[in-house]
Amino acid sequence: MKMFTEMGVSARETPYEVAQDSEVVITMLPSSSHVMDVYTGTNGLLLGGNAIRPALLIDSSTIDPQTTRKISLAVSNCNLKEKRGNWEKPVMLDAPVSGGVLAAEAGTLTFMVGGPEDAYLAARPILQSMGRTSIYCGGSGNGSAAKICNNLAMAVSMLGTSEALALGQSLGISASTLTEVLNTSSGRCWSSDAYNPVPGVMEGVPSSRDYNGGFASKLMAKDLNLAAASAEEVGHKSPLISKAQEIYKKICEEGHETKDFSCVFRHFYNGKDEV
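Residue numbers (my numbering): 514 to 788.
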């Protein structure tokens, strides 16, 4: 808050005070408990829920769909201080993002959005001011569900790419050469061509700066836990979730929880830097 107020940005002490002075509120927080606290806790956004000012609340956190739907219901049970157009009730959208720190800095995030479609259409200009793509995924909680599935695929592809590149090194193929093969063949994926995990192969990615400044392994572990809980709830068999959970739990326990999740190449597979 100090940093932004010194830049001239208006700040408030509590979520409730933010809500009192805002027509749209956007939140992006680490976990379900944080979101619940900011919305429904002491001095939360919904304090005095019979009359709140924001007509639109957008949560871009990566949390479980069940918590999203619970908060969305709490929002819909509130009333607006002032009617806005055809809106008599406030609306919440779940709009988690993909792209990580690099896309956030470049303004090229992808938003996965759940909630009423008319609210999504109203919010789209706001989302497009922060990102390049927004995709409407359906009702409340569907944005959160899409993000969980996306991050599951991202974790598995990073593990597969890291395993292949580390194996290639052991078989005598340089990571740069094998990356070129992957990226012009059927093994090509985001983890190989845009976020390569081998230090020295690609500039501008976390592996080029000792795995700092990316998507922390502890956050990937958290998202895999969300995926596991969601799969269990619907009775879906997901063996790759379990294996990915096991690997990222080990990475975190060994002290690499703040390093980018691509650090599995070095700290799990014992891969070597490209010289």
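We put the CB at the ideal spot given by N, CA and C, even for glycine.
Any beta carbon of chain E sitting closer than 9 Å to that of residue i?
i: Glu526; result: In the displayed structure, chain E is absent; only one protein chain is listed.
If residue i and residue j are in contact, beta carbons under 8 Å, what's the gap, nearest whole angstrom?
i: Tyr782; j: Ser675; result: 5 Å
i: Ser730; j: Cys702; result: About 19 Å; that fails the 8 Å criterion.
i: Ile576; j: Val548; result: 6 Å
Among the options, which residue has its Cα nearest to the Cα of residue i?
i: Ile760; options: Gly748, Leu684, Val669 and Ser721; result: Val669
i: Val614; options: Leu695, Arg779 and Pro719; result: Pro719
i: Ser704; options: Ile576, Gly598 and Leu678; result: Leu678
i: Ser751; options: Arg645, Leu559 and Leu665; result: Leu665
i: Val588; options: Pro638, Thr623 and Gly628; result: Gly628
i: Thr646; options: Gly727, Asp706 and Tyr633; result: Tyr633
i: Gln579; options: Glu693, Ser687 and Asn655; result: Asn655
i: Val604; options: Leu622, Gly612 and Ser585; result: Ser585
i: Gly726; options: Ser775, Asp786 and Thr527; result: Ser775
i: Pro609; options: Ser574, Ala617, Glu601 and Gly620; result: Ser574
i: Ser687; options: Gly713, Tyr708, Cys662 and Glu519; result: Gly713
i: Ala619; options: Lys515, Gly717 and Gly784; result: Gly717
i: Met541; options: Leu606, Met520, Ala568 and Lys583; result: Leu606
i: Ser721; options: Glu787, Asn696, Glu745 and Gly700; result: Glu787
i: Ser653; options: Thr581, Glu746, Asn696 and His780; result: Thr581
i: Ala773; options: Asp723, Asp550 and Leu640; result: According to the sequence as given, residue 773 is Asp; it is not Ala. Ranking the options by Cα distance to Asp773, first place goes to Asp723.
i: Asn590; options: Pro710, Val626 and Leu560; result: Leu560
i: Ala635; options: Thr621, Asp706 and Trp600; result: Trp600
i: Ala744; options: Val626, Met667 and Cys662; result: Cys662
Just how far apart, CA to CA, sit residue i and residue j?
i: Gly681; j: Leu691; result: 7 Å
i: Leu753; j: Lys660; result: 17 Å
i: Gln758; j: Met715; result: 27 Å
i: Ser698; j: Met643; result: 33 Å
i: Val531; j: Leu558; result: 7 Å
i: Tyr529; j: Ser657; result: 24 Å
i: Arg597; j: Val538; result: 15 Å
i: Gly768; j: Lys762; result: 10 Å
i: Leu732; j: Asp631; result: 32 Å
i: Ser611; j: Leu570; result: 19 Å
i: Asp572; j: Ser689; result: 39 Å
i: Leu593; j: Asn556; result: 18 Å
i: Ala734; j: Phe624; result: 21 Å
i: Lys785; j: Ser755; result: 26 Å
i: Gly554; j: Val694; result: 52 Å
i: Glu526; j: Met516; result: 14 Å
i: Leu672; j: Lys602; result: 45 Å
i: Arg779; j: Ala524; result: 41 Å
i: Pro567; j: Glu595; result: 9 Å
i: Cys650; j: Asn563; result: 29 Å
i: Gln641; j: Ser535; result: 19 Å
i: Val747; j: Leu737; result: 16 Å
i: Ser545; j: Ser683; result: 41 Å
i: Asn709; j: Thr518; result: 37 Å
i: Ala740; j: Pro543; result: 15 Å
i: Thr771; j: Val777; result: 12 Å
i: Ala707; j: Asn696; result: 10 Å
i: Leu622; j: Gly685; result: 37 Å
i: Pro638; j: Ala742; result: 33 Å
i: Asp550; j: Val711; result: 39 Å
i: Gly700; j: Val626; result: 29 Å
* Asked: For the region 588–626, which segments carrying the beta strand (DSSP E) assignment without a break, of at least 3 residues, lie completely within its bounds, in sequence order?
  -> 604–607
* To do: List in chain order: all unbroken alpha helix (DSSP H) runs of 4+ residues lying wholly within the region 703–761.
  => 703–706 and 730–747
* To do: Report the residue ranges of all alpha helix (DSSP H) runs contained in full by the region 623–654; include only those spanning at least 4 residues, in chain order.
  => 630–643
* Runs of alpha helix (DSSP H) wholly within the region 521–547 (minimum 4 residues, chain order) -> 528–533
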